[in-house]
Amino acid sequence: MWACWIPILTASINYKERFENFINKNKKEIKKNSNFYFYERGFDDIDKNSKWDIKIDKNYNSDFPFTKLILKKDNYQYLVKILKAQSNGIIFYEIFNPNNEIEINEKLAKQIYVILKDFFHEHTHHHKDDDMLLVPVEINNNFLSYNTQQELVANLILKQYSEKIILYHKYINSHYNFYLINELTEIIKKSIGEMIYATHFLDLNKNYLSEKDYWCYNKSFNHTLKSFENLLNIYSFKASLQSNKLNNFNNIFMIISILLIIFSQIINNLWRDKNLIIETIICFELIIFSVLFVHYLPFNLTSVLLEKMIKLIAFAKRILLKLKRISIK
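Terminal number for the sequence shown in the working numbering: 1164, no gaps in between.
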């Protein structure tokens, strides 16, 4: 038996309403008859070039919109039975493989979770393609009491959120770069969204946790949320500075380009050696370009860029010398 959580920010989830929204949004792709819905979905983890047929068995006699899913492609078929769906977003399900040709493992259970999230999750803090998914948890003992199952699932999912905190911090610290500020800002926004979900999941499952565990997670998540919010303010400010610097750089470079065009026209009338004119203009451009980089880019990148600029000037001189030799011949 597997369990997963549909991330929500409400006190409970209306499965029927969200499923109907999913059906209405995907009318063109979904076919139906009196008993089933049918549609195709790609499963990248199994086969990037294939689509699986998904059949949804309708069930309007309960609070959940269906009782089972049937996944099929060629000779492979899986039956997914929904065992329990809690109002807090936790769904328990079992996967059956009649043909026993592919092992039922976490990867397959995660794909089922992806389908369930398609149906019931609203992407509040991110685009649907930006999900950093939780992993469905496996419960090997079906005879555990209801409260014990809930406690087990709650602790395993909270552990995943705790691990995500470490992963986010590692990613942000290891990927800091002047050119990646905007990208990191988006990552931080997603991390804030995940922490909001984590704190809400914690509150929804407070009754299934010990008081010590609850306050430990509560302190950790709230501290992390404030930390990510502070990082967002810092990186947003840096992104704004970067944008202003690049805009100033573009404006100045445009003005200089116009002046160089005027300059080239003047010296074209004074000098007859066209190679000398080209060499003068290129060297003048490179010198100004170097000065602009020194002024507008961070100190830690300036020395590297200057070194590359010097190599570029030397390369330009070699090309111009070759052009002169060709013209003399």
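Glycine included, every Cβ here is placed at the ideal spot set by N, Cα and C.
* Given residue 853, which residues of its chain have a CB within under 6 Å of its CB, disregarding the five upstream and five downstream residues? -> 955
* To do: In the DSSP assignment, find the beta strand (DSSP E) that holds residue 979 and state where it starts and stops.
  => Segment: none, residue 979 is in no beta strand (DSSP E) and carries neither H nor E.
* Buried or exposed: which applies to residue 1170, given that a residue is buried once 16 or more other Cβ atoms fall within 10 Å of its Cβ? -> Outside the displayed range of the chain (836 to 1164) lies residue 1170, so it cannot be described from this structure.
* Using 8 Å as the limit for Cβ to Cβ distance, is residue 1066 near chain B? -> As a matter of chain content, chain B is missing from the structure shown, which is built from one protein chain.
* Asked: In terms of alpha-carbon separation, which member of 917, 1055, 836 lies closest to residue 993?
  -> 1055
* Asked: If you run the structure through DSSP and keep just helix, strand and coil, what is residue 1023?
  -> helix
* Three-state secondary structure (DSSP) of residue 912 -> Three-state DSSP puts residue 912 in a strand.
* Quick one: what does DSSP say residue 864 is sitting in, helix, strand or coil? -> coil
* From the DSSP output, in three-state form, read off residue 875 for me. => strand
* Asked: So, are the CB atoms of residue 970 and residue 988 less than 8 Å apart?
  -> no
* Asked: Are there 16 or more other CB atoms within 10 angstroms of the CB of residue 978, so buried, or fewer, so exposed?
  -> exposed
* Asked: Once you ignore the five residues that flank residue 1032 on each side, which residues in its own chain have a CB closer than 6 Å to its CB?
  -> 842
* Asked: Taking C-beta to C-beta, are residue 840 and residue 924 nearer than 8 Å?
  -> yes
* **Residue interval of the alpha helix (DSSP H) (run including residue 955)** => Run containing residue 955: 941-955, per the alpha helix (DSSP H) assignment.
* Asked: residue 1072: buried (16+ other C-beta within 10 angstroms of its C-beta) or exposed?
  -> Exposed, by the Cβ-count rule.
* To do: Taking the CB atoms as reference points, tell me whether residue 947 and residue 889 lie closer together than 8 Å.
  => no
* Determine the extent of the beta strand (DSSP E) in which residue 931 is found, giving its start and end residues. => 925-931
* Do you know how far the Cα of residue 1051 is from the Cα of residue 849? -> 30 Å
* Output the distance between the C-alpha atoms of residue 1036 and residue 863, rounded to the nearest integer angstrom. => Each residue's CA atom was taken as its position, placing residue 1036 and residue 863 some 34 Å apart.
* Asked: Do you know offhand how far residue 795's Cα is from residue 1068's?
  -> Not covered by the structure: residue 795. The range shown for the chain is 836 to 1164.
* Asked: If we ignore side chains and look at the alpha-carbon of each, how far apart do residue 902 and residue 1016 end up?
  -> 46 Å
* Would you kindly work out how many angstroms separate the C-alpha atoms of residue 893 and residue 1045, rounded to a whole number? => 38 Å
* Asked: Taking buried to mean at least 16 other C-beta atoms within 10 Å of its own C-beta, is residue 983 buried or exposed?
  -> Its Cβ having fewer than 16 others within 10 Å, residue 983 is exposed.
* **Distance between residue 847 and residue 899 (C-alpha atoms, nearest Å)** => 13 Å
* What are the partner residues of residue 1050, as DSSP defines its beta bridges? -> DSSP output for residue 1050 lists no bridge partner at all.
* **residue 871 and residue 891 closer than 8 Å at C-beta** => yes
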